[in-house]
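Using this note's numbering, read the sequence shown as starting at 1 and increasing by one per residue.
From the three backbone atoms N, C-alpha and C, an ideal C-beta is built for every residue, glycine too.
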Amino acid sequence: MSKKIQAIRGMNDLLPKDSELWLKVERIIIDLFTSYGYKNIRTPIVEKTETFCRAIGEATDIVEKEMYSWKESSGESLSLRPEGTASVVRSMIEHNLPREGIQKVFYQGAMFRHERPQKGRYRQFHQVGVEVFGAEDAKIDAELMMMTNSLWKKLGLKNVVLEINTLGSQEARASYREILVEYFNKYKDQLDEDSLRRLSSNPLRILDSKNKDMQSLINSAPKLIEHLDDASAEHFQQFKNYLEHLDIEYKINTRLVRGLDYYNRTVFEWTTTDLGSQGTICAGGRYDSLVEKMGGKPTTAVGFALGLERLMLLLEEQNSIATKSNISIYIVALGAKAQIKSMQIASSLHDALPDAILYNDITLGSFKSQFKKADKANANYALIIGEEELNNNQVSVKPLIDQGSQQSMDLDSAINYFKDNTKV
Ligand code: ATP
Ligand code: MG
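In structure tokens form, the structure reads like this:
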């Protein structure tokens, strides 16, 4: 026998047994975003490396060490996308879309980063993201929070906390950067290797450091929120006002700076303590200067990305309502006459119970063999149509999981019975 081939480390198969939850969650997300007026956008998985370098910034973890890049024979460097925003911005500019008015879009798909694989951190992972172009008011920042908050409710997710911060204008950030560099320069001996490097390349990122030995130094550092420009302070105030009126709880985290270069003003993360150190499930913010930096006309923008693997892990960890299956019913039809009836009944059940999974027997075997198939399919109920049921214009319902007793009833009563037991 030849040697088996395995998948690449950090890149996973989604197996049929796990796909039910993924499909359901993806559907809930897409329906919700669509109901808020967002339209789907799909961009290629491969882009010019420059797209990501320019958007994300050279002095970021992604561009410094996490990208899958290669050279074409022409010499051009291409990369697998490590995130979605850069490509969406490239596409917006290329197709001149912001000129047509405010653009509200969402994307979904695989992203690739060469990281050390661990729980909640993979080399191929999946994000759903939202971007809005051309809306400057804090109302849209708040709408994104309203939409994500509503998503957690729909999924039955608990223990997620919203952390927010503001990075001010580019100018305020630039002058804060100097203040920060001055501060950290005074304590250079306490900085670790990473932070020393960042001191010249990207000093705000030092605030993001997880190194325990540096925490008190970081906590005493000057805060950006105290060096804001007036317009950004006002924008942040409005954002908080909306959140309060929407009853969305938040925590201000002055150390939240996000890993990517392009953010300004609002930044936010939805975090959980239920996933160890991979606690951020959804993150984003405003990036008002990126479109111009990528060669477009000045266009404000705000968005977020949600990590699907972490969301699924969390739903499973919490045994949330989304992990519950819809009921499945195996239709057992005995004898030739029952076959037509079983088709009619299956058709009525599909109409009346659109979320139920129906297995309409096609083996035409004995009572015993059809029940074996029902067990194998893991059906929750058997719905039996035999000679007696045909004569009485009834069906019999038998719970299969807890081995409950079989009951005969008319089809309408059976439908109501299933409606009362739609989740298992
Ligand atoms: P982290 O600090 O955990 O590395 P990040 O700042 O690099 O996250 P973003 O680039 O903001 O993450 O991506 C948005 C979301 O995508 C994250 O909050 C997370 O849920 C998810 N994500 C990012 N990287 C990975 C990965 N390697 N594997 C799985 N999910 C990921
Ligand atoms: Mg990262």
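Original post:
Alpha carbon to alpha carbon, how far is Lys341 from Ile385?
Top reply: By 1-based counting over the sequence shown, the position of residue 341 is 341. By 1-based counting over the sequence shown, the position of residue 385 is 385. Computed Cα separation, rounded: 8 Å.
Subject >> CB contact flag (Met146, Leu32, <8 Å) >> reply: What you label residue 146 is simply residue 146 of the sequence shown in a count that begins at 1. What you label residue 32 is simply residue 32 of the sequence shown in a count that begins at 1. By the CB criterion at 8 Å, Met146 and Leu32 fall outside the cutoff.
**OP:** Report yes if the C-beta distance between Gly44 and Ile62 is below 8 Å; otherwise report no.
**Re:** Here residue 44 is taken as the residue at index 44 of the sequence shown, counted from 1. Here residue 62 is taken as the residue at index 62 of the sequence shown, counted from 1. A small fix is needed here, since residue 44 is Pro in this sequence, not Gly. It is not a contact, given that the beta carbons lie outside the stated cut-off.
Original post:
Regarding Asp13 and the ligand MG, is the C-beta to nearest heavy atom distance less than 7 Å?
Top reply: Numbered from its first residue, the sequence shown carries residue 13 at position 13. Answer for Asp13: no, Cβ out of range of the ligand MG.
Subject >> Per-residue burial, Phe106 [other beta carbons within 10 Å of its own, 16 or more giving buried] >> reply: Position 106 of the sequence shown, counted from the first residue, corresponds to residue 106. With 16 or more other Cβ atoms within 10 Å, it is buried.
Original post:
Heavy atom of the ligand ATP less than 7 Å from the Cβ of Ile8, yes or no?
Top reply: One-based indexing of the sequence shown puts residue 8 at position 8. Result no, Cβ not under 7 Å from the ligand ATP.
**OP:** Return yes when the C-beta of Ala283 is under 7 Å from any heavy atom of the ligand ATP, and no when it is not.
**Re:** Here residue 283 refers to the residue found at position 283 when the sequence shown is read from its first residue. In this structure, the C-beta of Ala283 approaches the ligand ATP to less than 7 Å from one of its heavy atoms.
Original post:
What are the boundary residues of the beta strand (DSSP E) that includes Lys372?
Top reply: Position 372 of the sequence shown, counting from 1, holds the residue named residue 372. It is not in any beta strand (DSSP E) - Lys372 instead sits in the alpha helix (DSSP H) that spans Phe367 to Lys376.
Original post:
Is any heavy atom of the ligand MG found at a distance shorter than 7 Å from the C-beta of Asp261?
Top reply: Taking the first residue of the sequence shown as position 1, residue 261 is located at position 261. Because no heavy atom of the ligand MG lies under 7 Å away, the Cβ of Asp261 does not count as near it: no.
**OP:** Could you tell me whether any non-hydrogen atom of the ligand MG is closer than 7 Å to the CB of Asp230?
**Re:** The residue labelled residue 230 in the question sits at position 230 within the sequence shown. Between the ligand MG and the CB of Asp230, the shortest heavy atom gap is not smaller than 7 Å.
Original post:
Just the Cα atoms here: how many angstroms apart are Leu458 and Val395?
Top reply: Outside the displayed range of the chain (1 to 424) lies residue 458, so it cannot be described from this structure.
Subject >> Unbroken alpha helix (DSSP H) run spanning His126, endpoints >> reply: Reading the sequence shown from its first residue, position 126 is the one you call residue 126. First-last for His126: Gln124 to Phe133, but that is the beta strand (DSSP E), not the alpha helix (DSSP H).
Original post:
Would you say the beta carbon of Arg286 comes nearer than 7 Å to a heavy atom of the ligand ATP?
Top reply: Looking up residue 286 in the sequence shown gives position 286. Outside the cutoff, so no.
Original post:
From the DSSP output, which residues share a beta bridge with Ile283?
Top reply: Reading the sequence shown from its first residue, position 283 is the one you call residue 283. For clarity, residue 283 is Ala in the given sequence; the question names Ile instead. BP columns for Ala283 point to Glu269 and Ala305.
Original post:
alpha helix (DSSP H) containing Gln344: first to last residue?
Top reply: On the sequence shown, position 344 is the one that residue 344 refers to. Unbroken alpha helix (DSSP H) run through Gln344: Ala336 to Ala352.
Original post:
DSSP three-state call for Leu15: helix, strand or coil?
Top reply: Translated into the one-based positions of the sequence shown, residue 15 becomes position 15. Under the three-state reduction of DSSP, Leu15 is assigned to coil, being neither helix nor strand.
Original post:
How many whole angstroms separate the CB atoms of Gly129 and Gly84, which I take to be in contact at a CB cut-off of 8 Å?
Top reply: Taking the first residue of the sequence shown as 1, we reach residue 129 at position 129. Taking the first residue of the sequence shown as 1, we reach residue 84 at position 84. Gly129 to Gly84, Cβ: 5 Å. Contact.
Original post:
Would you call the CB atoms of Arg255 and Asp208 closer than 8 Å?
Top reply: Translated into the one-based positions of the sequence shown, residue 255 becomes position 255. Translated into the one-based positions of the sequence shown, residue 208 becomes position 208. In terms of Cβ geometry, Arg255 and Asp208 form a close pair [threshold 8 Å].
Subject >> Neighbourhood of Ile29 by C-beta, 7 Å cutoff - its chain only, sequence neighbours within 5 removed >> reply: Taking the first residue of the sequence shown as position 1, residue 29 is located at position 29. Closer than 7 Å at Cβ, skipping near neighbours: Val128 and Leu151.
Original post:
Alpha carbon to alpha carbon, what distance is there between Arg27 and Ala86?
Top reply: Indexing the sequence shown from 1 puts residue 86 at position 86. Indexing the sequence shown from 1 puts residue 27 at position 27. One C-alpha to the other measures close to 25 Å.
Subject >> Nearest residue (CA-CA) to Tyr417, options Val88, Leu313, Lys251 and Asn380 >> reply: Position 417 of the sequence shown, counted from the start, is the residue given in the question as residue 417. Distances from the CA of Tyr417 to each of Val88, Leu313, Lys251 and Asn380 were compared; the closest alpha carbon is that of Asn380.
**OP:** Please look up how many angstroms separate the CB atoms of Tyr242 and Leu167, rounded, as I've assumed it's under 8 Å.
**Re:** As a first step, residue 242 must be located in the sequence shown, where it is residue number 242. As a first step, residue 167 must be located in the sequence shown, where it is residue number 167. So it is not a contact: roughly 18 Å between Cβ atoms.
Original post:
DSSP state of Val484, grouped into three classes?
Top reply: Nothing can be reported for residue 484: it is not among the residues displayed for the chain, which extend from 1 to 424.
Original post:
Does at least one heavy atom of the ligand MG sit under 7 Å from the Cβ of Tyr61?
Top reply: Taking the first residue of the sequence shown as position 1, residue 61 is located at position 61. The displayed chain sequence assigns Asp, not Tyr, to residue 61. Yes, the Cβ of Asp61 comes within 7 Å of a heavy atom of the ligand MG.
Subject >> Phe133 burial status per 10 Å Cβ neighbour count (16 or more: buried) >> reply: Translated into positions along the sequence shown, residue 133 becomes position 133. By the 10 Å Cβ count, Phe133 comes out buried.
Subject >> Backbone secondary structure at Tyr36 - three-state DSSP >> reply: As a first step, residue 36 is located in the sequence shown; it is residue number 36 there, counting from the start. Correct three-state label for Tyr36: coil.
**OP:** Could you check what DSSP says for Pro399 in three-state terms: helix, strand or coil?
**Re:** The sequence position of residue 399 within the sequence shown is 399, counting from 1. DSSP places Pro399 in strand when its eight states are reduced to three.
**OP:** Flag Thr272 as yes when its Cβ comes closer than 7 Å to any non-hydrogen atom of the ligand FAD, and as no otherwise.
**Re:** With respect to the ligand FAD, the structure offers nothing, as its ligand set consists of the ligand ATP and the ligand MG.
**OP:** Look at the Cβ atom of Phe304, then the Cβ atom of Gly284, and state whether they are nearer than 8 Å.
**Re:** As a working note, residue 304 is residue 304 in the sequence shown. As a working note, residue 284 is residue 284 in the sequence shown. Their beta carbons are under 8 Å apart, which means Phe304 touches Gly284 by this criterion.
Original post:
Can the beta-carbon of Tyr330 be found closer than 8 Å to that of Ala301?
Top reply: Taking the first residue of the sequence shown as position 1, residue 330 is located at position 330. Taking the first residue of the sequence shown as position 1, residue 301 is located at position 301. 8 Å or more divides the Cβ of Tyr330 from the Cβ of Ala301.
**OP:** Report buried or exposed for Ser232, applying the criterion of at least 16 other Cβ atoms within 10 angstroms of its Cβ.
**Re:** Along the sequence shown, one-based indexing puts residue 232 at 232. Burial call: buried.
Original post:
In its own chain, which residues sit with a C-beta less than 8 Å from the C-beta of Met11, not counting the 5 before and 5 after it?
Top reply: As a position in the sequence shown, residue 11 is number 11, starting the count at 1. Here the set comprises Tyr122, Arg123 and Gln124.
**OP:** In the DSSP assignment, find the unbroken beta strand (DSSP E) run with Ala356 in it and report its ends.
**Re:** Within the sequence shown, the letter at position 356 stands for residue 356. Careful: Ala356 lies outside any beta strand (DSSP E) and carries neither H nor E.
Original post:
Which value, in whole angstroms, describes the spacing of the CA atoms of Ser408 and Pro354?
Top reply: For the purposes of this step, residue 408 is taken as residue 408 along the sequence shown, with counting starting at 1. For the purposes of this step, residue 354 is taken as residue 354 along the sequence shown, with counting starting at 1. Between Ser408 and Pro354, the C-alpha separation is close to 23 Å.
Original post:
Looking only at C-alpha atoms, which of Glu72, Asn253 and Ala221 sits nearest to Glu269?
Top reply: For this step, residue 269 is matched to residue 269 along the sequence shown. Cα-wise, what sits closest to Glu269 is Asn253.
Original post:
Counting contacts by CB-CB distance shorter than 8 Å, is Arg310 in contact with chain E?
Top reply: Although the question refers to chain E, the structure presented lacks it and comprises just one protein chain.
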